[in-house]
Amino acid sequence: MKRLALNIEELRQRAKRALPRFAFSYLEGGADDEQTLRDNRRVFARWRFIPPVLNDASERDLSVTLYGQKLAAPLLIAPTGYNGMLRYGADAMLARTARDAGIGYIQSTVSTAPIEEIADEHLPQHWFQLYVLKDRTVTTGLLERAKAAGCTTLVVSVDAVHFGNREKDKRNYRRPMKLSLPSLFDIALHPAWVWRTIRPAGVPGFGNLTPYIPADKRRGAGGASYFAAQMDMRLSWETLTWIRSQWSGPMLIKGILAPDDATRAFAAGIDGIVLSNHGGRQLDGSVSAMEVLPEIRHRCGPDATILIDSGFRRGTDVVKALALGANGVLLGRPMLYGVAADGEAGAKQALALILQEVDRTLAQLGCTSITRLGPHLLRPQS
Ligand code: HOC
Numbered sequence: 001m002k003r004l005a006l007n008i009e010e011l012r013q014r015a016k017r018a019l020p021r022f023a024f025s026y027l028e029g030g031a032d033d034e035q036t037l038r039d040n041r042r043v044f045a046r047w048r049f050i051p052p053v054l055n056d057a058s059e060r061d062l063s064v065t066l067y068g069q070k071l072a073a074p075l076l077i078a079p080t081g082y083n084g085m086l087r088y089g090a091d092a093m094l095a096r097t098a099r100d101a102g103i104g105y106i107q108s109t110v111s112t113a114p115i116e117e118i119a120d121e122h123l124p125q126h127w128f129q130l131y132v133l134k135d136r137t138v139t140t141g142l143l144e145r146a147k148a149a150g151c152t153t154l155v156v157s158v159d160a161v162h163f164g165n166r167e168k169d170k171r172n173y174r175r176p177m178k179l180s181l182p183s184l185f186d187i188a189l190h191p192a193w194v195w196r197t198i199r200p201a202g203v204p205g206f207g208n209l210t211p212y213i214p215a216d217k218r219r220g221a222g223g224a225s226y227f228a229a230q231m232d233m234r235l236s237w238e239t240l241t242w243i244r245s246q247w248s249g250p251m252l253i254k255g256i257l258a259p260d261d262a263t264r265a266f267a268a269g270i271d272g273i274v275l276s277n278h279g280g281r282q283l284d285g286s287v288s289a290m291e292v293l294p295e296i297r298h299r300c301g302p303d304a305t306i307l308i309d310s311g312f313r314r315g316t317d318v319v320k321a322l323a324l325g326a327n328g329v330l331l332g333r334p335m336l337y338g339v340a341a342d343g344e345a346g347a348k349q350a351l352a353l354i355l356q357e358v359d360r361t362l363a364q365l366g367c368t369s370i371t372r373l374g375p376h377l378l379r380p381q382s
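Taking full-length UniProt numbering, the leading residue of the sequence shown gets 1, the next gets one more, and so forth.
Printed below as a string of structure tokens:
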């Protein structure tokens, strides 16, 4: 039996060994020089804990309430695309991991499994992430399907309208969506991965988007490139108002970094925001979500729902964000490392590691619950 990983970095190393280079590059890569990708990790060192002592924190409650629903911890599995590249059934594995731990699961528009399949897992917190497509009928079709599947909450991503320049990723292709010969050779060196990613006959690989992709584009990677060209490049605040009118449940905007955008979102009747630089995959040189969190919390007030992602690998990172005013943290790559390394068991291990670390950090800060966290526990480093 495999030894349990001690931390997310160990799972990352295992994922790197398990995946062919093109798949690991897609998971791992950032935009341009990957400055923002690196800063997303470095930013956490800007705050150090000042742990008060002699507080009885022998029992701790990690639960939080978001939109009237209790979560066992302030965590959600982030929407990530094309997870079938890691292994067949990865989306459902992640969904079950979230369900069994009592946290939220956000399904991507570009998940490999369709919404209806994930609905069969009966998640109490099944959220849907929307990429807005220029064909409004496709967008409304996705929204209708999300409602019918019982998705409680909508997360509209607004930061990938113009796709980031991911050079690590590009190196593996000879032209868009066509792998280079060395990449194909590298795949041949990973027979276990090939075996794990094989879809049963008749199962299309384009998840939610299959019905909207013309039959002649549904082969191989053709569907993904077809879809990339369908993104609504004119996405604007007016579009958001239109989506708001189509969705009666809680709706969040994901990909906010500018404080003015944050206040505008709430003024426009949006129920929450996700501070994110898309894991450093979009605009290189943009600030880290953690950097703008204190200002955005201050500007939006104590009642605004503010979630955050990009760069979280440790429970201490999560606790720092909560102390600075985030209501919850989305976990992307850490969960993908887990699922790539060891399937559902690996995803569960990744989440367990972060949960244990959050719990231990709370204990060491003398906090009995998430509500006790605040900026008084942190000191900014110059
Ligand atoms: C093709 C449209 O969020 C990523 C994902 C998927 C983005 C798909 C955009 O790679 O960052």
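Where is the CB? At the ideal position from N, CA and C, for every residue including glycine.
- Here DSSP, grouped into helix, strand and coil, assigns W247 to coil.
- The three-state secondary structure of R60, taken from DSSP, is coil.
- Distance from the CA atom of V287 to the CA atom of D359, rounded to whole angstroms, is 28 Å.
- Sorting L322, I354, V339 and G332 by C-alpha distance to the C-alpha of S369 places L322 at the top.
- Annotation for I354: G315 place their beta carbon closer than 6 Å to its own, counting only its chain and skipping 5 residues before and after.
- Bridge pairing for F128: Q107 and L154 [DSSP].
- Short note on M231: C-beta closer than 7 Å to some heavy atom of the ligand HOC.
- E344 counts as buried, since no fewer than 16 other beta carbons sit within 10 angstroms of its beta carbon.
- Within the stretch 302-345, complete beta strand (DSSP E) segments of at least 3 residues are found at 305-308 and 328-331, given in chain order.
- At least one heavy atom of the ligand HOC lies closer than 7 Å to the C-beta of Y131.
- Per the C-alpha coordinates, the member of L184, P176 and S225 positioned closest to R21 is L184.
- Each residue's CA atom was taken as its position, placing D91 and R136 some 26 Å apart.
- Restricted to the stretch 254-301, the alpha helix (DSSP H) segments that are unbroken, complete and at least 4 residues in length are 259-267 and 289-300, listed in chain order.
- The beta carbon of G89 sits no closer than 7 Å to any heavy atom of the ligand HOC.
- Using a Cβ distance threshold of 8 Å, T109 and L130 count as a contacting pair.
- Collapsing the DSSP output to three states places T80 in coil.
- With respect to the 8 Å criterion, V274 and I308 are classified as neighbours on the basis of their beta carbons.
- Here the alpha carbon of F44 sits roughly 24 Å from the alpha carbon of Y26.
- Within 10 angstroms of the beta-carbon of F163 lie fewer than 16 other beta-carbons, which makes it exposed.
- In the three-state reduction of the DSSP assignment, R196 falls in the helix class.
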